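A.B. asks: Below is one structure. I have some questions about it.
2 protein chains.
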Amino acid sequence: MTIALQNDTFLRALLRQPTDYTPVWMMRQAGRYLPEYNATRKQAGSFLKLCKTPSAATEVTLQPLERFPLDAAILFSDILTIPDAMGLGLYFAEGEGPKFERPVRDEAAVAKLVVPDIGAELKYVTDAVAQIRTALKGRVPLIGFSGSPWTLACYMVEGQGSDDYRLVKTMMYQRPDLMHRMLDVTARAVIAYLNAQIEAGAQAVMVFDSWGGVLSAGAYREFSLRYLEQVMAGLKREVDGKRVPAIVFTKGGGLWLEDIVAIGCDAVGLDWTIEMSEARRRVGDKVALQGNLDPNVLFAQPETIRAETAKVLASYGRGHGHIFNLGHGISQFTPPDHAAALVAAVHELSPAYHREGP
Amino acid sequence: MTIALQNDTFLRALLRQPTDYTPVWMMRQAGRYLPEYNATRKQAGSFLKLCKTPSAATEVTLQPLERFPLDAAILFSDILTIPDAMGLGLYFAEGEGPKFERPVRDEAAVAKLVVPDIGAELKYVTDAVAQIRTALKGRVPLIGFSGSPWTLACYMVEGQGSDDYRLVKTMMYQRPDLMHRMLDVTARAVIAYLNAQIEAGAQAVMVFDSWGGVLSAGAYREFSLRYLEQVMAGLKREVDGKRVPAIVFTKGGGLWLEDIVAIGCDAVGLDWTIEMSEARRRVGDKVALQGNLDPNVLFAQPETIRAETAKVLASYGRGHGHIFNLGHGISQFTPPDHAAALVAAVHELSPAYHREGP
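Heads up: the sequence lines are chains W and E, in that order. In terms of our numbering, the first sequence opens at residue 288 and continues consecutively. In terms of our numbering, the second sequence opens at residue 288 and continues consecutively.
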């Protein structure tokens, strides 16, 4: 824990402090597009075993850093560890997404929900955080993460991914009291979970509100943003005199940017539907911005990847407070060389935007 | 054609002319949530046969009007009739969405695309329009429709629906020249198709840009909006001295509202992610606005449906130029009584917003 950070560009950018270039990392940077990841996963036996084995999680977290000069590492884990620890029975059917054996669909099921004992049920996560910190040897900062209360609730009610969010929205409109109770328990669990990650060594945290964007503006404020604000208020934001920055990412939340900024996060993640220049104009100097290249750009040839990267950098413009990222997780079909082209382009093209002078 | 309209509230609202109340219709109002629709479909043998048999299409188009006092009818048809007429071979596998036998994935396939002969290949659609007009006997106006060039291109390249639009975006970023050629042919086909519907009796038209929202802001302008503008410029906008209003609906396009307004449409369709009041403030008096209740509200009890309907009406506020609708097609799981509650609520609650005075 006392090893000095060799590259704190990412943390400085999150706090809108001066940096020499724009730091870059990629959501889901440890993943199926890397052959070495697939080998480790195969060895672990399954995705869940990979998540639940700290040494394996450490190994895959570091893999993308061996290939690309990324400016941050992110804990390798699943977004649904909290509901799993609440007893919902997470499993993965072959070739399908995550599912729960016991979804939460009625008053009795909601009443039974309690904040899990993080130290017992989610020790595999905090152990992984500690091991990754050690293995990183101060190369770059480590990001901890959690799903947002609303996003976790979507999976908890639906029992799996959904096209239309019919079940969770039915509960939300039909029984808002139940939904609020579920979201409150989940928000308290997210706080305990992220604080445990911070205590174990996470130097920044990110909350993924992957499904906030499926709500109406009013419902977003009442059922997602309100609980994101509760999470922000409950986080341990300083460790050893150092700020632990928090990033909030509501996919599809571009219309609600001003509302998101107001909940007390240090940075806002953006998907690719919003122009960086517009986002920056709207948030002013209140927060840093992270994003926002369409991950599908990485299917084009390296020259195009470079040109599209240049557009995002130019759209943010001169000055600090930009963390380059994709607007969503990198696709499993991405050629690793194309990810390399992205990282190289950010490092080559961004210093011009950080220099002093006219 | 010479029968006078008994209820022109919808057309007047589209042109922002005074009306006594807010007109209402529902996207996909003729559909699987209605038992009578399912009976007709079963009789027709398949969804495609239903679309391709004008008498059956007429029957299902009128079914929701028998149940609910809707203010407009919309042609019952499929969004993919144009690519089917281009020879891509549309089919529906049981329990799955639409698919094409011959997707358009390379230069040779793009080169072969031509604007279909609407009078021959899509006569079943214009025949349906004419029969529906006759069957309506002037009760309410009839809306014709088409998919947008970009949305049709998504299906044409992917060959089916997609989660990530990987294939179509790869072509877009890798070979923008091919994508532009495909979009230009498709835009010309959309113009010919909609003009044929207008000549056959459609009194308003709507272009569904269902997948525009998956693009980055810059790509949206270049690959979707530009062709929507081409379509607007090519439409026959007047018949017998009467304006034929055009509605453009980009799902997920709330961030780009000012750009959409500028292409020359009469009305903009909105999904539920944008607050009506904000949309109205941003568009001023340039266009009418159509929307924008989350279709999932219809799973709640009638009191909640009424309360959420009231919120949308209040958010638009006093004055004309609002057409009430859902923010997306009605779900097949909707109880028909709940759709009735929505229509009744709009008709009961909206007159207060249209009265003169303080």
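Glycine included, every Cβ here is placed at the ideal spot set by N, Cα and C. Treat the numbers as computed from the prediction; the structure is a model and nothing was measured.
Between the region 507 to 523 of chain E and chain W, which residues of the former have CB atoms less than 9 angstroms from a CB of the latter, in chain order?
C.D. replies: Within the region 507 to 523 of chain E, the qualifying residues are Tyr507.
A.B. asks: In whole angstroms, give me the CA-to-CA distance for E/Met288 and E/Ile369.
C.D. replies: Unreliable placement is indicated for E/Met288, whose pLDDT of 49 sits below 50; the coordinate value is still reported in the next sentence. Their Cα atoms are separated by approximately 26 angstroms.
A.B. asks: Report the rounded CA-to-CA distance for E/Gly255 versus E/Pro403, giving the unit in angstroms.
C.D. replies: What the structure shows of chain E is the stretch from 288 to 645, and residue 255 of chain E is not part of that stretch, so it cannot be assessed.
A.B. asks: Please confirm whether E/Met288 has its beta-carbon closer than 8 angstroms to some beta-carbon of chain W.
C.D. replies: Note that E/Met288 scores 49 on pLDDT, short of 50, meaning its location in the model is unreliable and no value can be drawn from it.
A.B. asks: What residue range is occupied by the uninterrupted beta strand (DSSP E) comprising E/Phe495?
C.D. replies: Segment 491 to 496, the beta strand (DSSP E) holding E/Phe495.
A.B. asks: Per DSSP, which residues does W/Asn612 bridge with? Please list them.
C.D. replies: Answer is W/Asn579, bridged to W/Asn612.
A.B. asks: Check distances from the C-beta atoms of the region 549 to 580 of chain W to those of chain E and list, in chain order, the residues that come in under 7 angstroms.
C.D. replies: Cβ contacts with chain E come from Trp559, Thr560, Ile561, Glu562.
A.B. asks: Confirm, please, whether the CB-CB distance from W/Ala344 to W/Leu337 is below 8 angstroms.
C.D. replies: Yes.
A.B. asks: For E/Met288, does the three-state DSSP call read helix, strand or coil?
C.D. replies: Legend: pLDDT at E/Met288 = 49, less than 50; position of this residue unreliable, no value from coordinates given.
A.B. asks: Any idea what DSSP makes of E/Arg299, helix, strand or coil?
C.D. replies: In the structure shown, E/Arg299 sits in a helix (DSSP, three-state: H, G or I).
A.B. asks: To the nearest angstrom, how far is the alpha carbon of E/Pro463 from that of E/Trp437?
C.D. replies: So the two alpha carbons sit approximately 13 angstroms from each other.
A.B. asks: Mind the definition here: the region 479 to 490 of chain W touches the region 614 to 621 of chain E only if three or more C-beta pairs lie below 8 angstroms; say whether that holds.
C.D. replies: No: fewer than three Cβ pairs fall under 8 angstroms.
A.B. asks: Taking buried to mean at least 16 other C-beta atoms within 10 Å of its own C-beta, is E/Thr413 buried or exposed?
C.D. replies: When all chains shown are included, E/Thr413 counts as buried.
A.B. asks: What residue does the beta strand (DSSP E) around E/Tyr603 start on, and which one ends it?
C.D. replies: No beta strand (DSSP E) holds E/Tyr603; the alpha helix (DSSP H) holding it covers 589 to 603.
A.B. asks: If we call anything under 8 angstroms between Cβ atoms a contact, is W/Gln588 one with E/Gln461?
C.D. replies: A contact, by the Cβ cut-off of 8 angstroms.
A.B. asks: Looking at the structure shown, is W/Ala461 part of a helix, part of a strand, or coil, going by DSSP?
C.D. replies: According to the sequence displayed, residue 461 of chain W carries Gln and not Ala. In the structure shown, W/Gln461 sits in a helix (DSSP, three-state: H, G or I).
A.B. asks: Determine whether the beta carbon atoms of E/Met443 and E/Met466 lie at a separation below 8 angstroms.
C.D. replies: Their beta carbons are not under 8 angstroms apart, which means E/Met443 does not touch E/Met466 by this criterion.
A.B. asks: Tell me where the beta strand (DSSP E) around E/Gly653 begins and ends.
C.D. replies: In the structure as shown, chain E starts at 288 and stops at 645, and residue 653 of chain E therefore has no counterpart that could be examined.
A.B. asks: Is there at least one Cβ from chain E nearer than 8 angstroms to W/Ala632's Cβ?
C.D. replies: Taking Cβ atoms only, chain E never reaches closer than 8 angstroms to W/Ala632, which makes this a no.
A.B. asks: Does any C-beta atom of chain W lie closer than 8 angstroms to the C-beta of E/Asn583?
C.D. replies: So yes, E/Asn583 belongs to the interface.
A.B. asks: Give, in chain order, every unbroken run of the alpha helix (DSSP H) that is at least 4 residues long and sits entirely within the region 370 to 418 of chain W.
C.D. replies: With a minimum length of 4 residues, the continuous alpha helix (DSSP H) runs that stay inside the region 370 to 418 of chain W are 394 to 398, 405 to 408.
A.B. asks: So, are the CB atoms of W/Pro351 and W/Tyr411 less than 8 angstroms apart?
C.D. replies: No, Cβ-Cβ distance for W/Pro351 and W/Tyr411 is not below 8 angstroms.
A.B. asks: Using only the alpha-carbon positions, how far apart do E/Gln517 and E/Lys523 sit?
C.D. replies: So the two alpha carbons sit approximately 12 angstroms from each other.
A.B. asks: With respect to the beta strand (DSSP E) encompassing E/Ser449, which residues constitute its N-terminal and C-terminal limits?
C.D. replies: Segment: none, E/Ser449 is in no beta strand (DSSP E) and carries neither H nor E.
A.B. asks: Compare the C-beta of W/Arg315 against all C-beta atoms of chain E and say whether one is closer than 8 angstroms.
C.D. replies: No, W/Arg315 lies away from the interface with chain E (no Cβ there is under 8 angstroms from its Cβ).
A.B. asks: Starting from W/Gly500, find everything on chain E with Cβ-Cβ shorter than 8 angstroms and list it in chain order.
C.D. replies: Correct list: Thr560.
A.B. asks: Taking E/Asp581 as the reference, which of W/Tyr514, W/Thr457, W/Ala632 has the closest Cα?
C.D. replies: Measuring from the Cα of E/Asp581, the nearest candidate turns out to be W/Thr457.
A.B. asks: Tell me the DSSP secondary structure of E/Lys529 in three-state form.
C.D. replies: E/Lys529 falls in the strand class under three-state DSSP.
A.B. asks: In the region 410 to 428 of chain E, which residues sit with their C-beta less than 8 angstroms from some C-beta in chain W, listed in chain order?
C.D. replies: Listed in sequence order: no entries.
A.B. asks: Anyone know if the C-beta pair for E/Leu429 and E/Ala360 falls short of 8 angstroms?
C.D. replies: Yes, they are a contact pair.
A.B. asks: DSSP has E/Ala360 in a bridge; who is on the other side?
C.D. replies: DSSP output for E/Ala360 lists E/Leu429 as bridge partner(s).
A.B. asks: Note down the Cα distance separating E/Thr537 from W/Ala575, rounded to an integer number of angstroms.
C.D. replies: One C-alpha to the other measures close to 29 angstroms.
A.B. asks: Checking contacts by CB at 8 angstroms: is W/Lys598 closer than that to chain E?
C.D. replies: True, the Cβ-Cβ gap to chain E drops below 8 angstroms.
A.B. asks: Measuring only between beta-carbons, confirm whether W/Asp451 sits less than 8 angstroms from chain E.
C.D. replies: Taking Cβ atoms only, chain E reaches closer than 8 angstroms to W/Asp451, which makes this a yes.
A.B. asks: Report the rounded CA-to-CA distance for E/Leu357 versus E/Asp496, giving the unit in angstroms.
C.D. replies: About 23 angstroms.
A.B. asks: In the structure shown, what three-state DSSP assignment does E/Phe706 receive?
C.D. replies: Examination of residue 706 of chain E is not possible in this model, given that chain E is present from 288 through 645 alone.
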